[in-house]
């Protein structure tokens, strides 16, 4: 039997949801993606899992739609490495009593999800040929309900029996089925669904198989029809039990026992072979290798390690404390570091650091040194393995690269290199072009040379905290050029460290995005302002009105809303054309704005309709005074180039909080008042008279 691993079974595409999301959102994701589970995360880190079974329990417990998934998810997560064998994985999953495993990579990060469906599909039909008919694995504890039973009764029955489905039967014969996947849909559809009969919502027709069917044939049908349940029926067609993928996959547990026995014999044989290979590899390896007791006594060293120090007699090094051997005795600091590494290994943790070993010719070789714990058959710490790779050449090349830092003057991005204190050591030509400073002017200066004063101390503190934690930072910074101008740049700052991990330099790379930011600002302005008059548009008006109402409520003040319509504007627009009409609208907007304070808002809603939000008005008379000013301002003739045109305006006035206290209602009230003004003869204002008194 070829051993497969979880990496071959798992679903790579992990669907996640934040732990603060609602259960309704989780069920929406599960139903849309047609998946049986969704991974729950907190700040991107997996903390739990929500499965169809969890939704079933939530439905049975009548949990509300806004219930946070964190309160119903399965936790802690049951995880398994992706190189775990299929048999070991299912044994582990059965032992934990779960139906889903989070598969992790070597670093412990999520790599995929594996469910019982994955086990079933990867077992292959040949696996089931060795098993008997469906009676050997089917479950007889399935709830059987009449079509008249309510959905909530079905959910309760499934929860009580820990069943993943319920069969609907008439006279004992199956006519439909309710499954855990249906529970996800029921939860999304709400409580009304629970009061329906199962006949209204069940899956039908139900897939059935005779009680004597061979398991191989049953599984072939499940796989071909992509179903997870088969109802087993007797000779008269009555319900005899249910065959689910959970029942089938349980056969892996018995297979696991046989596999474990075979694996034990194979392991003993492999151990003997491994010992022979170890001896051969140990002495032929190019790496420097040694075997040590936990107290640091060297028990064996391979040929490469001995040749480095002049191939001494074995007795000169074997049996001595490792830190007192020629590899380490030249440097007391390294000797102490090695002792600390042994303390870590004694706790079961490997250790790795860079060291130097003196060669027989007196030169120092740089070594990537690792110390690993070695466990015995019972899992207890027994010995330690020392391993070193000669990285002298690599170290030389890397040191040259760090010193040179390879600043390419052809880069279109500005590049600045500083020491740990922020003193500029070098810049490229693009830096000079973007800032106006020559290289001679910049080198030796503090990087604060570019400080615009736009950012506070907290900004820079957060930036350097990020660099200290992650060795890089990316963000927007406002710089000041030599000429005094401000430029917005997208900057990446990276920390450069030596082999000991000590900070040696900062490298800043930046791109000027001033024009991009200005374009974004213009687009933002266009999105909230009328293209013709440059007044706030309907969207910005609503936002300003909402803020003004909140301020008025907070300060105990009143505000007024004026709804202005230009009388007979359509006649002017139709007779003189749109160009003249647009010119009139621009001038009308200017005149209206001139009548109010800077703190007030004048907006164009569209066409010839304008609104004015008057804040902190004392009473209706104050608003009426502004309305009269607007009417008088608009009454003056409009010079449209070839013709002078006169028109009037009708204005509706609504007061907050007297007439309304929310933006939409207040706007409707002012609009109605404007129509009242028109009905009274135009060229006047009218206060909102209430819905029952509207003209």
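Residue numbers (the numbering used here): 1121 to 1815. Beta carbons: idealized from backbone N, C-alpha and C, even for Gly.
Would residue i be called buried (16 or more neighbouring beta carbons within 10 Å of its own) or exposed?
i, result
"residue 1606", "exposed"
"residue 1686", "buried"
"residue 1143", "buried"
"residue 1152", "exposed"
"residue 1664", "buried"
"residue 1184", "exposed"
"residue 1366", "buried"
"residue 1807", "buried"
"residue 1517", "exposed"
"residue 1287", "buried"
"residue 1833", "Residue 1833 lies beyond the residue range present for the chain, which begins at 1121 and ends at 1815; the question has no answer from this structure."
"residue 1643", "exposed"
"residue 1325", "exposed"
"residue 1442", "buried"
"residue 1632", "buried"
"residue 1579", "exposed"
"residue 1163", "exposed"
"residue 1638", "exposed"
"residue 1757", "exposed"
"residue 1434", "exposed"
"residue 1364", "buried"
In whole angstroms, what separates the C-alpha of residue i from that of residue j?
i, j, result
"residue 1413", "residue 1502", "8 Å"
"residue 1815", "residue 1769", "Residue placement at residue 1815 is poorly supported in this model, since its pLDDT is 45, which falls under 50; the coordinates are not used for a value here."
"residue 1718", "residue 1604", "31 Å"
"residue 1487", "residue 1448", "12 Å"
"residue 1219", "residue 1290", "32 Å"
"residue 1511", "residue 1485", "8 Å"
"residue 1569", "residue 1621", "28 Å"
"residue 1810", "residue 1187", "42 Å"
"residue 1705", "residue 1728", "7 Å"
"residue 1713", "residue 1720", "9 Å"
"residue 1196", "residue 1167", "7 Å"
"residue 1640", "residue 1646", "10 Å"
"residue 1132", "residue 1656", "49 Å"
"residue 1765", "residue 1749", "19 Å"
"residue 1539", "residue 1629", "15 Å"
"residue 1467", "residue 1230", "27 Å"
"residue 1804", "residue 1674", "32 Å"
"residue 1339", "residue 1257", "12 Å"
"residue 1279", "residue 1779", "55 Å"
"residue 1797", "residue 1708", "19 Å"
Per DSSP, what kind of secondary structure is residue i in: helix, strand or coil?
i, result
"residue 1213", "helix"
"residue 1208", "helix"
"residue 1809", "coil"
"residue 1368", "helix"
"residue 1656", "strand"
"residue 1599", "strand"
"residue 1130", "coil"
"residue 1794", "helix"
"residue 1585", "helix"
"residue 1165", "strand"
"residue 1751", "helix"
"residue 1331", "coil"
"residue 1771", "strand"
"residue 1669", "helix"
"residue 1766", "coil"
"residue 1497", "coil"
"residue 1136", "strand"
"residue 1407", "coil"
"residue 1815", "Reliability of the predicted coordinates at residue 1815 is poor, the pLDDT of 45 falling under 50, and the value obtained from them is presented with this limitation in mind. In the structure shown, residue 1815 sits in coil (DSSP, three-state: anything other than H, G, I, E or B)."
"residue 1351", "strand"
"residue 1339", "helix"
"residue 1502", "strand"
"residue 1360", "strand"
"residue 1572", "coil"
Does the beta carbon of residue i sit closer than 8 Å to a beta carbon anywhere in chain D?
i, result
"residue 1764", "Within the model displayed, chain D is absent; a lone protein chain is all it includes."
Length-filtered (4 minimum) alpha helix (DSSP H) runs lying within the segment 1219-1303: Counting only runs of 4 or more, we get 1236-1243, 1245-1249, 1271-1280.
Touching by the beta-carbon criterion (3+ pairs, under 8 Å), the segment 1452-1462 and the segment 1470-1478: yes
Give a yes or no on contact between the segment 1340-1358 and the segment 1316-1330, applying the rule of three or more CB pairs nearer than 8 Å. yes
In chain order, which alpha helix (DSSP H) runs of at least 4 residues are fully inside the segment 1409-1476? 1423-1428, 1452-1466
Write down every uninterrupted run of the beta strand (DSSP E) in the segment 1676-1746 whose length is 3 residues or greater and which is fully enclosed by it, in chain order. Every beta strand (DSSP E) of 3 residues or more that sits fully in the segment 1676-1746 is shown, in chain order, as 1678-1686, 1721-1726, 1729-1737.
Using 8 Å as the threshold, is the segment 1691-1703 in touch with the segment 1770-1777, meaning 3 or more CB pairs across them? no
Considering only residues of the segment 1608-1646, which uninterrupted beta strand (DSSP E) runs meet the minimum length of 3 residues and lie entirely inside it, listed in chain order? The segment 1608-1646 contains these whole beta strand (DSSP E) runs: 1623-1632.
Do the segment 1257-1277 and the segment 1305-1321 touch if we need at least three Cβ pairs shorter than 8 Å? yes
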